[in-house]
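Numbering (my numbering), first residue to last: 50 to 459.
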């Protein structure tokens, strides 16, 4: 089934199958070739994926983001040039049509992305994920009220609802999804230290030290989450009188709250090594080398994708709000607001219209850039969208304040 969808994996599986019938001296070499084939194929597939996304993403950025932002920048001069740019027209174009177009184009990109690196699944029953839905609502509400009161002192009245909505919704999303993100960060930290842990245990087993003792010794040599995990596993071995694998993957194991299939697989290998004894030490060392290679391939693939998506994320959180806030300040200073809205001599309608566009841009582009790399994971997208909304709100208001000070507005 992999021959057409992933030829490199098909070749690797074929080599593994051939290794089973190979002489003992050739078996290791055949398995190494199978691993190299899978890693090289993954690396090439990720690079091709980034290249295939670069063209559509660049077109989306140019025509869906950069050009509209450039037109926003010339709005203050439109009225002076005699061009009619009414507030209803700006709302329809920037707050309805452009976000809808970005959503459609982004959906097409997500549907046709060749590769993604989805995070580990963290269910609502995870012990480190509190089931308190009132916390995000309370946190968002408090931040909304406090931010609205704060900006009302130094900024015009239109900034009050904008700051309340942008920061309130942003903080609520961050608080809601931060526990899930924290669990995944802990799992990622453990996976990054896994090659060193497997190498250390493997070397100790080669030196005729039992796996049980090597696991306890590894806790003293490692740092951070890895040290805590191996220390917990060693403690469970002593207290519960269980084997190595049960100490990690059992009902009360050290990995019970760590959503990492790779780490669980490594624990199974440690359990096999405990049964096989000293001959398995070399296999643990080689596994550490393979895990290191796998981490390098994943890091390289994510860097390739990040080169494509980083511009979208930076535009959502900083560049777009910077242009929008400066534009509103210029409109206020040159007095073009009456031209933009025939009856309202204030900048408030323009500021709200552009502000809504800035927040929608932050949400859509952040969701798109995150989805291209990590897949459509609700927690990851929600957390990053929340952070982007907070950054966009602060940048928009700060840009307006700075530009208004320079141009003599406010």
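Cβ atoms here follow ideal geometry from the backbone N, Cα and C, with glycine treated the same way.
Predicted, not measured: the structure shown is a model, and the values here were computed from it.
### Message
Tell me which residue opens and which closes the alpha helix (DSSP H) that residue 415 is part of.
### Response
For residue 415, the enclosing alpha helix (DSSP H) has its first and last residue at 397-423.
### Query
Quick one: Cα of residue 240 to Cα of residue 298, how far?
15 Å
### Message
According to DSSP, is residue 443 part of a helix, a strand, or is it coil?
### Response
helix
### Query
Which class does residue 292 belong to by DSSP, given the choice of helix, strand or coil?
coil
### Task
Return yes when the Cβ of residue 110 is within less than 8 Å of the Cβ of residue 361, no when it is not.
yes
### Query
Pick from 152, 202, 228, 441: whose alpha carbon is nearest that of residue 184?
Of the candidates 152, 202, 228, 441, the one whose C-alpha sits nearest the C-alpha of residue 184 is 228.
#### Entry: Contact the region 368-382 vs the region 103-123: 3+ CB pairs below 8 Å
yes
### Query
Which value, in whole angstroms, describes the spacing of the CA atoms of residue 453 and residue 444?
Per the coordinates, the alpha-carbon of residue 453 lies some 14 Å from the alpha-carbon of residue 444.
### Query
Straight-line CA distance for residue 354 to residue 101?
Between the C-alpha atoms of residue 354 and residue 101 there is a straight-line separation of about 10 Å.
### Message
To the nearest angstrom, how far is the alpha carbon of residue 391 from that of residue 139?
### Response
Note that residue 391 has pLDDT 45, beneath the 50 cutoff, so the model's placement of it is unreliable and no number is given.
### Task
Starting from the N-terminal side, write out each stretch of the beta strand (DSSP E) that is 3 residues or longer and does not extend beyond the region 58-88.
As far as the region 58-88 is concerned, it has no whole beta strand (DSSP E) run of at least 3 residues.
### Message
Quick check on residue 179: does DSSP put it in helix, strand or coil?
### Response
Coil.
### Query
Taking the alpha carbon of residue 438 as the point to measure from, which residue in 416, 421, 449, 427 has its own alpha carbon closest?
416
### Message
Going by DSSP in three states, residue 308 sits in which element: helix, strand or coil?
### Response
DSSP places residue 308 in the coil class of the three-state scheme, outside both helix and strand.
#### Entry: Top-ranked residue by Cα proximity to residue 221, from 75, 431, 451
431
### Query
Whole-angstrom Cβ separation of residue 170 and residue 251, contact assumed at under 8 Å?
About 30 Å separates the CB atoms of residue 170 and residue 251; that is not less than 8 Å, and the two are not in contact.
#### Entry: Contacting residues, own chain, Cβ-Cβ under 6 Å from residue 409 (five flanking each side not counted)
148
### Query
Pairing CB atoms from the region 198-209 with CB atoms from the region 270-290, are three or more of them under 8 Å?
no
### Message
Just to confirm, is the Cβ distance from residue 320 to residue 294 under 8 Å?
### Response
yes
### Proximal residues to residue 455 (C-beta, below 7 Å), its chain only, five neighbours per side dropped
none
#### Entry: Residue interval of the alpha helix (DSSP H) (run including residue 211)
208-255
### Message
Count Cβ pairs between the region 330-345 and the region 395-403 that sit closer than 8 Å; are there 3 or more?
### Response
no
### Task
Check whether the Cβ atoms of residue 376 and residue 422 sit closer than 8 Å, and answer yes or no.
Residue 376 places its beta carbon 8 Å or farther from that of residue 422.
### Task
Measure the C-alpha to C-alpha separation of residue 257 and residue 224 and round it to an integer number of angstroms.
49 Å
### Query
Nearest-angstrom Cα distance between residue 196 and residue 212?
6 Å
### Query
DSSP on residue 259, reduced to helix/strand/coil?
coil
### Task
Buried or exposed for residue 419, please, with buried defined as at least 16 other CB atoms from any protein chain shown within 10 angstroms of its CB.
buried
### Task
Would you kindly check if the distance between the Cβ of residue 313 and the Cβ of residue 271 is under 8 Å?
no
### Query
Looking only at its own chain, which residues have a Cβ that is under 8 Å from the Cβ of residue 244, when we skip the five neighbours before and after it?
337, 338, 340, 341, 344
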